[in-house]
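Student: Structure in structure tokens, see below.
2 protein chains.
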Amino acid sequence: MQEESTRRSNRDRTEATRAELIAAARKLFTEKSYAETGTPEIVAAAGVTRGALYHHFADKQALFAAVVEQEAQAVAEEIERASPPSLLARDALIAGSDAYLVAMRAPGRTRLLLLDGPAVLGRAAMDAIDNRHGNRSLREGLVAAMRSQSMARLPVEALTALLAAAFDRAALAIEAGASTEDYRAVLMALIDGLSPTPPQAPRPARTR
Amino acid sequence: MQEESTRRSNRDRTEATRAELIAAARKLFTEKSYAETGTPEIVAAAGVTRGALYHHFADKQALFAAVVEQEAQAVAEEIERASPPSLLARDALIAGSDAYLVAMRAPGRTRLLLLDGPAVLGRAAMDAIDNRHGNRSLREGLVAAMRSQSMARLPVEALTALLAAAFDRAALAIEAGASTEDYRAVLMALIDGLSPTPPQAPRPARTR
DNA sequence: CGAATAACATACAGTCTGCATGTATATTGA
DNA sequence: TCAATATACATGCAGACTGTATGTTATTCG
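Order-wise, the sequence lines are chains H and P.
Mapping to this note's numbering: the first sequence position 8 is 8, numbers consecutive.
Numbers given in this note's numbering equal positions in the second sequence, counted from 1, plus 208.
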């Protein structure tokens, strides 16, 4: 008969420790900033020592990257849950936009993903993470809209990046207390402005 | 008759020391990142000691803020020099956009102003700096365009912030090696899409 | 059941930041 | 003009943090 706490497989130990480290780091990185959070504090919250941290992660940045990756995935899942492929291209785009703005209201997410992430990991690394998760649905939505002729044909990568940047800034502004309606209205105007035919009447659907 | 090196007024000494500290910090902050640049290195490059730094600036962040402020002003001046008020609203907007993208190619500027700045000082502080310098001309250009009926009437603050965010991301992407033409084309499409009347066909060809 | 290896814990070296204290130079006012 | 005072620095110190090297315990495997 094995004791309850002993006899844990190595893989289980690794997985559990990594998960606890990431969870503790996530909590602290969202409450405070990356720079203000020290590894002693993280390992104390996780119930391990710094030795464990540096055994599982190359350095503090690597742990931060793991947290960012997880959080970006969580945001992407919220978006995909809100914009099923059954919707029309433009409607899916709008639903996804709103879902993104809602998802980014989770405390500390904007700083983690939009401020500390790019500064600590660099824009290139953040682009890679975004392309694996969040931006994918956005880019696919844009491609679909272009194919359905409801959007001008433009360089997809650039369009994705610039719209994503606008969404990011909107999330930051809303968190800072700006009017959600104002930013939402401008975002929609930017998207609708990309229609190949003049926007004309926004309410009655014109492209069909 | 005063000696050459002695007999310097206190105000001159302060001004000179501050300027040297800011210049040395600017050089290092643009070559490396804020986090990778230590105050011992900065004061060594400036030819003073850390005592002088902490006499003139509250902390490392305050020195960084001074560098950011100076650099943001330099960018704004380049833009205003390139987009005189004699131009038509839309043309001034385009000229300013191109000037911004050019100005941001100065080595290290994107990281300083677009990555480290927001992360270290916060988005609110960066917004304040931007509104004092760069964004002012953009917002005024947008207001002028709206007044001349060549742009839909939208919340000005939000529109300014979101377009600025798109410009920022374009500058980052271009520095990372992306196609300037692609990003420029999308930026112009976003701007032109905001026309209240159908795309207006300002030129027989689209934008190029 | 050893031997090798993985998963930690502990200890240490180097560096950094911010402050406190000391000193020289400039300014002020009687 | 000359002390008194304030300003502009320089120096030294305390605390904290990061990364690594080394030691110890728990698995895995032949």
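Cβ atoms here follow ideal geometry from the backbone N, Cα and C, with glycine treated the same way.
1) Whole angstroms are fine: how far does the CA of H:D59 sit from the CA of H:N10?
2) Mind listing which residues of the stretch 166–191 of chain H have their C-beta closer than 8 Å to chain P's C-betas, in chain order?
3) Are the beta-carbon atoms belonging to P:L236 and P:A224 less than 8 Å from one another?
4) Are the C-beta of P:D324 and some C-beta of chain H separated by less than 8 Å?
5) On the CB-based measure, 16 or more other CB atoms within 10 Å of its CB, does P:L296 come out buried or exposed?
6) Answer yes or no: does any C-beta atom of chain P fall closer than 8 Å to that of H:L112?
7) Taking contact to mean at least 3 C-beta pairs separated by less than 8 Å, is the stretch 374–386 of chain P in contact with the stretch 311–325 of chain P?
8) With a threshold of 8 Å between beta-carbons, can H:P155 be considered close to chain P, or not?
9) Considering only residues of the same chain and omitting the five flanking positions on each side of P:V351, which have a CB-CB separation below 7 Å?
10) Let me know the alpha helix (DSSP H) ranges lying completely inside the stretch 301–360 of chain P, each 4 residues or longer, listed in chain order.
11) P:A372 to H:T49, Cα distance in whole Å?
12) Taking a cut of 8 Å between CB atoms, which residues from the stretch 344–369 of chain P lie near chain H?
13) Rounded to a whole number of angstroms, what is the C-alpha to C-alpha distance between H:R18 and H:L63?
14) Under the three-state reduction of DSSP, which class applies to P:N219: helix, strand or coil?
15) Mapping DSSP to helix, strand and coil, what is P:G385?
16) Give the single residue among P:V283, P:K240, P:H264 and P:L261 whose Cα lies nearest to the Cα of P:L346.
17) Of all the residues that make up the stretch 116–132 of chain H, which are near chain P by a beta-carbon distance shorter than 7 Å?
18) Examine chain H for any beta-carbon lying closer than 8 Å to the beta-carbon of P:L301, and answer yes or no.
19) Let me know the secondary structure DSSP gives H:G51 once reduced to three states.
20) Locate the alpha helix (DSSP H) running through P:E279, then write down its first and last residues.
21) Whether or not the stretch 297–312 of chain P and the stretch 352–362 of chain P are in contact is what I'm after, with contact meaning three or more pairs of Cβ atoms, one per stretch, closer than 8 Å; do they touch?
22) Contact criterion: CB-CB distance below 8 Å. Does P:L309 meet it with respect to chain H?
23) Which residue marks the beginning of the alpha helix (DSSP H) containing P:T247, and which one marks its end?
24) Around the C-beta of H:H55, are 16 or more other C-beta atoms found within 10 angstroms, so that it is buried, or is it exposed?
25) Answer yes or no: does any C-beta atom of chain H fall closer than 8 Å to that of P:G304?
26) Would you mind telling me which residues of chain H sit closer than 7 Å to P:L402, beta carbon to beta carbon, in chain order?
27) Give the straight-line distance between the Cα atoms of H:E78 and H:A103, rounded to the nearest whole angstrom.
28) Among the candidates H:E31, H:I42, H:L93 and H:K32, whose CA atom is the shortest distance from the CA of H:A25?
Tutor: In short, the structure shows the following:
1) Computed Cα separation, rounded: 21 Å.
2) Listed by position, the residues of the stretch 166–191 of chain H near chain P (Cβ gap below 8 Å) are A166, D168, R169, A170, L172, A173, A176, A178, S179, D182, Y183, A185, V186, L187, A189 and L190.
3) Judged by beta-carbon spacing, P:A224 lies beyond the 8 Å limit of P:L236, meaning their Cβ atoms are not closer than that value.
4) So yes, P:D324 belongs to the interface.
5) An exposed status is given to P:L296, since fewer than 16 other beta-carbon atoms sit within 10 Å of its beta-carbon.
6) Proximity of H:L112 to chain P, defined by a Cβ-Cβ separation below 8 Å, is not satisfied.
7) Here the stretch 374–386 of chain P makes contact with the stretch 311–325 of chain P; the two share three or more CB pairs at distances below 8 Å.
8) Output row for H:P155: interface = yes.
9) Taken in chain order, the residues that qualify are V364.
10) Correct list: 325–329, 331–340 and 342–355.
11) Cα-Cα distance, rounded: 44 Å.
12) Result list: A360, L362, P363, E365, A366, L367 and A369.
13) Straight-line measurement puts the Cα of H:L63 at about 9 Å from the Cα of H:R18.
14) The sequence given here has Arg at residue 219 of chain P, not Asn. Looking at P:R219 - three-state DSSP - the assignment turns out to be helix.
15) If DSSP states are grouped into helix, strand and coil, P:G385 belongs with coil.
16) The alpha carbon of P:L346 has as its nearest neighbour, out of P:V283, P:K240, P:H264 and P:L261, the alpha carbon of P:V283.
17) Under the 7 Å Cβ criterion, the stretch 116–132 of chain H contributes D116, P118, A119, R123 and A124.
18) P:L301 does not count as touching chain H.
19) Helix.
20) Its alpha helix (DSSP H) spans residues K268 to A290.
21) Short answer: they touch.
22) Chain H contact via Cβ: absent.
23) Note, P:T247: alpha helix (DSSP H), T247 to A254.
24) Using a 10 angstroms sphere on the CB of H:H55, the tally of other CB atoms stays under 16, which defines it as exposed.
25) Residue contact check for P:G304 against chain H: no CB pair falls below 8 Å.
26) Per Cβ cutoff of 7 Å: A189 and G193.
27) Each residue's alpha carbon lies about 7 Å from the other.
28) Residue H:I42 is the option with its Cα nearest to H:A25.
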